[in-house]
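To start, the structure itself, in structure tokens.
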Amino acid sequence: MPADAERKSIFAAKLASPSRLADGVSDAIAAALFDGRIAPGEALPPEGEIAREFGVSKPIAREALRQLTSAGLVSTQQGKVARAKALSGEPMDRIYAYAVRSSLTRLQEANEMRRVIEVGIARLAAERRDPRGLEVMRQAVLDMHAGIGKPGDFTEADIQFHLGLAMATGNAMIRIQMEGMRSVQREVSELFSRRSNRTNADWLATVERHQAIYDAIAAGDTNLADRRIHEHFDAADIASLEVAGKLGGQSA
């Protein structure tokens, strides 16, 4: 970490509400994390120093760090300084994982949420075409081909494709949101991939739908990307009805 004099420039905030001091401290530290003043893996100042810098007690500083840890922005270990974590959708992913495993109804709702979100993402991805995201999508399609007949491999490639879709927007918050939906994607993909009546043609059709989405986005055709992502979710909805018929006893 920098020297004490330099550290004071990290948290550019004054605490406006004395009644919510811990919230004010955590907000200021989070702002430093989000705008890059504190890099992933970097140690935060010690608890006592944070308290002095903000003019609060150590318990207030400790509560602020606890809030940041709960949000997945900071990692803490007993007897060690807190460290910044890379921004990710991990906290949301944990919540969605509990939800989609609780009942078929929650799983269907989560997949509906995916459709609403990813349609908008596909259009923006076609407008911006971030090369890193396009490469992740391209490789994921190849991995899906290689994973035909192997549900675990196919599922991971499917998840990577949709992460690449988000990355192609060039928007870090959208990428975090997609990471937060990985448990939903995994649950849906595994259910569909493990259907006993799934034929080789079914596997290929799924890969081809992903290829079509990639092609539309790589071409920068927003309307075609919109149509292809709708077609993909229409097909998923049909498969969902089949799964629902087999698992209907799990509804909430």
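Numbers 1 to 252, taken from UniProt numbering, label the letters of the sequence shown in order. Note that the Cβ used here is the ideal one computed from N, Cα and C, for glycine as well.
Asked                                                                                                                                                                  : Found
Select from Gln67, Gly147, Asp27 and Glu135 the residue whose C-alpha is nearest the C-alpha of Glu190.                                                                : Gly147
If you follow the alpha helix (DSSP H) that Lys85 is part of, which residue opens it and which one closes it?                                                          : Neither: Lys85 is in no alpha helix (DSSP H) and is coded neither H nor E.
Measure from the alpha carbon of Ala97 to the alpha carbon of each residue in Ala201, Ser183, Glu231 and Ala172, then state which is nearest.                          : Ser183
Once DSSP output is grouped into helix, strand and coil, what is the label at Val74?                                                                                   : strand
Return yes when the Cβ of Ala84 is within less than 7 Å of the Cβ of Glu42, no when it is not.                                                                         : yes
Going by the beta-carbon positions, is the gap between Ser47 and Arg62 smaller than 7 Å?                                                                               : In the sequence as displayed, the identity of residue 47 is Glu instead of Ser. Cβ distance < 7 Å, so Glu47 and Arg62 count as in contact.
If I follow the unbroken alpha helix (DSSP H) through Val119, where does it start and stop?                                                                            : Leu104 to Arg128
Assign Ile43 to one of three DSSP states: helix, strand, or coil.                                                                                                      : The sequence as given places Ala at residue 43; Ile does not occur at that position. It is a strand residue.
Among Thr155, Glu156 and Met178, which has the Cα closest to the Cα of Ala166?                                                                                         : Met178
Could you give the residue range of the alpha helix (DSSP H) that holds Ile159?                                                                                        : Pro151 to Met167
Check for me: the alpha helix (DSSP H) holding Val56 runs from which residue to which?                                                                                 : Counting along the chain, Val56 falls outside any alpha helix (DSSP H), and DSSP gives it neither H nor E.
Where does the unbroken alpha helix (DSSP H) through Met137 begin, and where does it stop?                                                                             : Pro131 to Ala146
Alpha carbon to alpha carbon, what distance is there between Met181 and Asp143?                                                                                        : 20 Å
Could you tell me the alpha carbon to alpha carbon distance between His145 and Asp23, rounded to whole angstroms?                                                      : 48 Å
Please state the DSSP three-state secondary structure of Asn171.                                                                                                       : coil
What residues in its chain sit with their C-beta under 8 Å from that of Gly220, if we drop five residues either side in the sequence?                                  : Ala126, Glu127 and Arg129
Excluding five sequence neighbours on each side, which residues of the same chain lie with their C-beta closer than 7 Å to the C-beta of His232?                       : Arg209 and Ile213
Under a Cβ-count criterion, where at least 16 other Cβ atoms within 10 Å of its own Cβ denotes burial, should Asp158 be classed as buried or exposed?                  : buried
Would Val100 be called buried (16 or more neighbouring beta carbons within 10 Å of its own) or exposed?                                                                : buried
For Glu6, count neighbouring C-beta atoms within 10 Å of its own C-beta (all shown protein chains included) and say buried if the count is 16 or more, exposed if not. : Its pLDDT being 49, under 50, Glu6 is placed unreliably in this model, and the value from its coordinates should be taken loosely. Its Cβ having fewer than 16 others within 10 Å, Glu6 is exposed.
Could you check the C-alpha separation between Gln185 and Ser75 for me, to the nearest Å?                                                                              : 26 Å
If distances are taken between C-alpha atoms only, which option among Trp203, His230 and Val25 comes closest to Asp153?                                                : Trp203
Between residue 253 and the rest of its own chain, which residues show a CB-CB distance below 6 Å, the 5 nearest in sequence each way excluded?                        : The question about residue 253 has no answer here: the residues shown for the chain are numbered 1 through 252.
Is the beta carbon of Ser26 sitting closer than 7 Å to the one on Leu87?                                                                                               : no
The ligand PLP and Thr69: does any heavy atom of the ligand fall closer than 6 Å to the residue's C-beta?                                                              : Among the components of this structure there are no ligands whatsoever, and the ligand PLP is therefore not found.
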